Amino acid sequence: MDKAADSALLQEAKKKAGQCDRCGACLPVCPLFGAKDVELSSARGKNAIARALAEGGIESTPDALAAVNFCLLCRACVENCPSKVRTDEAMIDLRQFLVERTGATNAKYRAVGGLLKSPGLVRLAAGTLAVLRRLGLNDLFPHGMAPDEYTRAHFLAAFAGPAALGQKAPSADVTVTAATKVAYFYGCGMRMMFPRAAAETLAILQTTTRVLRPDNVCCGLPHLAHGLRGEFLALARKNIRLYEDADLVVSDCASCGGTLKHLASFFADDPQWRDRAAAFSSKVMDLTEYLVKVGYTPRRKVKAALTYHDPCHLVRGQGIKKQPRDLLQATGKFIEMEEADTCCGGAGSFHMDYPAISAKILGKKLRNIERTGAAVVVTGCPGCLIQLTKAAKSSGGKFKALHISQVI
Ligand code: SF4
Ligand code: SF4
Numbered sequence: 011m012d013k014a015a016d017s018a019l020l021q022e023a024k025k026k027a028g029q030c031d032r033c034g035a036c037l038p039v040c041p042l043f044g045a046k047d048v049e050l051s052s053a054r055g056k057n058a059i060a061r062a063l064a065e066g067g068i069e070s071t072p073d074a075l076a077a078v079n080f081c082l083l084c085r086a087c088v089e090n091c092p093s094k095v096r097t098d099e100a101m102i103d104l105r106q107f108l109v110e111r112t113g114a115t116n117a118k119y120r121a122v123g124g125l126l127k128s129p130g131l132v133r134l135a136a137g138t139l140a141v142l143r144r145l146g147l148n149d150l151f152p153h154g155m156a157p158d159e160y161t162r163a164h165f166l167a168a169f170a171g172p173a174a175l176g177q178k179a180p181s182a183d184v185t186v187t188a189a190t191k192v193a194y195f196y197g198c199g200m201r202m203m204f205p206r207a208a209a210e211t212l213a214i215l216q217t218t219t220r221v222l223r224p225d226n227v228c229c230g231l232p233h234l235a236h237g238l239r240g241e242f243l244a245l246a247r248k249n250i251r252l253y254e255d256a257d258l259v260v261s262d263c264a265s266c267g268g269t270l271k272h273l274a275s276f277f278a279d280d281p282q283w284r285d286r287a288a289a290f291s292s293k294v295m296d297l298t299e300y301l302v303k304v305g306y307t308p309r310r311k312v313k314a315a316l317t318y319h320d321p322c323h324l325v326r327g328q329g330i331k332k333q334p335r336d337l338l339q340a341t342g343k344f345i346e347m348e349e350a351d352t353c354c355g356g357a358g359s360f361h362m363d364y365p366a367i368s369a370k371i372l373g374k375k376l377r378n379i380e381r382t383g384a385a386v387v388v389t390g391c392p393g394c395l396i397q398l399t400k401a402a403k404s405s406g407g408k409f410k411a412l413h414i415s416q417v418i
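Start counting the sequence shown at 11; every next residue gets the next number (the working numbering).
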């Protein structure tokens, strides 16, 4: 047996994967199985890898790490699994275990993780990307990571009804009082890729209350997803400390919000941080969740037909499906698309590591968007928005991709 078999993380992964009875119900819903039609791509195959690692059937090698890295962490399998096997969490456990055992974390992940740990470097990267966009050189940046960013004004000029343009934003019917301390969480993706959308988020929040803006650090999801759990926990502690004075923490990034809501589970065995982490997680809200709760009325009506893509970290990570649709229906004509909650193939760095498979998954999303005839596809996660912006370009301008803050 591999000497690592006694690792607590490995045993934890085995415990989760061991609940898989190999029924195969996850196969039709796994986007990777759909794209590759290979058993090991599916949740059933990945759970078999976890068991084999724990039982010594396969060695802890960089190849094993590559196999467990080949997962979107989209949770479609979990939602459709009769035994509710948490395959995505087992893969995260295994990634950390294998990174520690093999030291094989890709240098790129370590470099990106290092950048995201430093607020100064994140600001520098955001400024550089903004300059590239202004100079029209963003296409030189690989993987669509310096996407075009449409403004709400651009969108409204094309699609708003004449009576709506120039109207003062209506006051939201809020139940949050002046005493409620609402803080914004400015995620790295929004800061670097979609700062205009983030500015719209702030403008919307400010119609509901005075907004605090602590100088937060990365939510840590990129570190966690690549097995760098120590770095993830260090970032989490910083954010917990920073937001201790806030009553609510609002995120306009599904990935950040989903991660922050789950921080408590990572500190459950840490007596020093358990209560603080639980208090923090309990006050995190997605932007749409917050806006519906406070009775926000969209600032303008638009004539354009809108459709919506559910980010995995919002629909399955946080159970939020209705709120964005309610807001879009109050804004304009909303058209539901088929498979709206199927992963777009972005999945953090997955689209960079596996561009061909990611493009295949995105191609299906593109066809579903086009079938709606909508002029705009809306979403609530910068990771998805990078993918949808690529899809919008591929469509030859048939539709645009916008963050929900740029529409409502
Ligand atoms: S649906 Fe669940 S139990 Fe069935 S094969 Fe997939 S992971 Fe295993
Ligand atoms: S999390 Fe998504 S990509 Fe990973 S095995 Fe489950 S369905 Fe497939």
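Each residue gets a CB set at the ideal place from its N, CA and C atoms; glycine is no exception. Bear in mind the structure is a predicted one, so any value in this text is a computation, not a measurement.
In the same chain as T341, and ignoring 5 residues on each side of it, the C-beta atoms closer than 8 Å to its own belong to P308, R310, K311, V312, L316, V417 and I418, in chain order. In chain order, the residues that have a beta carbon nearer than 6 Å to some heavy atom of ligand 1 are C30, D31, R32, C33, G34, A35, C36, A53, R54, N57, C87, C91, S93, V95 and T97. Counting other Cβ atoms within 10 Å of its Cβ, G124 stays below 16 and is therefore classed as exposed. K191 and T219 have their alpha carbons spaced roughly 8 Å apart.
The beta carbon of V192 sits no closer than 7 Å to any heavy atom of ligand 2. Under a 10 Å Cβ-count criterion, K94 is classified as exposed, with fewer than 16 other Cβ atoms of the shown protein chains found around its own Cβ. Each residue's CA atom was taken as its position, placing R111 and E69 some 10 Å apart. When C-beta atoms of the stretch 286-294 are compared with those of the stretch 221-235, fewer than three pairs fall below 8 Å, so the two segments do not count as touching. Distances between the C-beta of R85 and the heavy atoms of ligand 2 include at least one below 7 Å. Contact annotation: L19 and L63 have beta-carbon atoms that are not nearer than 8 Å. L243 is positioned such that its CB atom lies closer than 8 Å to that of F276. Straight through space, the alpha carbons of C87 and L215 are spaced by roughly 35 Å.
When secondary structure is reduced to three states using DSSP, K331 falls in the coil class, being assigned neither helix nor strand. CA-to-CA, the gap between V388 and G66 works out to about 46 Å.
Taking a cut-off of 8 Å on C-beta distances, the stretch 203-214 does not touch the stretch 96-103, as fewer than three cross pairs fall below it. When K408, P129 and K375 are compared, the shortest CA-CA separation from V386 is found for K408. In the assembly as shown, P41 is a buried residue. Its beta-carbon has 16 or more other beta-carbons within 10 Å. Under DSSP, K343 takes part in a beta bridge, and its partners are A315. With a threshold of 16 other beta carbon atoms within 10 Å, V141 falls short and is exposed.
In this structure, D320 sits near D351, with a CB-CB distance shorter than 8 Å. Nearest to A314 by C-alpha distance, out of C322, T382, M202 and L372, is T382.
When A74, I367 and A384 are compared, the shortest CA-CA separation from V109 is found for A74. When rounded, the separation of the alpha-carbon atoms in L258 and L324 is 18 Å.
The three-state reading of DSSP puts V192 in strand, counting E and B together.
Contact check between the stretch 331-339 and the stretch 364-381: fewer than three CB pairs, one atom from each, fall below 8 Å, which does not count as touching.
Of the heavy atoms belonging to ligand 2, none sits nearer than 7 Å to the Cβ of P308. Per DSSP, reduced to three states, the secondary structure at T389 is strand.
Sixteen is the threshold: when 16 or more other Cβ atoms of the shown chains lie within 10 Å of the Cβ of P392, as they do, the residue is buried. Counting the other CB atoms within 10 Å of its CB gives T138 a total below 16, which places it among the exposed residues.
Of the heavy atoms belonging to ligand 2, at least one sits nearer than 7 Å to the Cβ of P41. Around the CB of T187, fewer than 16 other CB atoms lie within 10 Å, so the residue is classed as exposed.
Approximately 5 Å separates the beta-carbon atoms of R201 and A136; this is inside 8 Å, confirming the contact. In the same chain as D280, and ignoring 5 residues on each side of it, the C-beta atoms closer than 8 Å to its own belong to A287, in chain order. Straight across, the Cα-Cα distance linking I250 with L231 is about 15 Å. In the structure shown, the three-state DSSP call for V304 is coil.
Straight across, the Cα-Cα distance linking L273 with D255 is about 17 Å.
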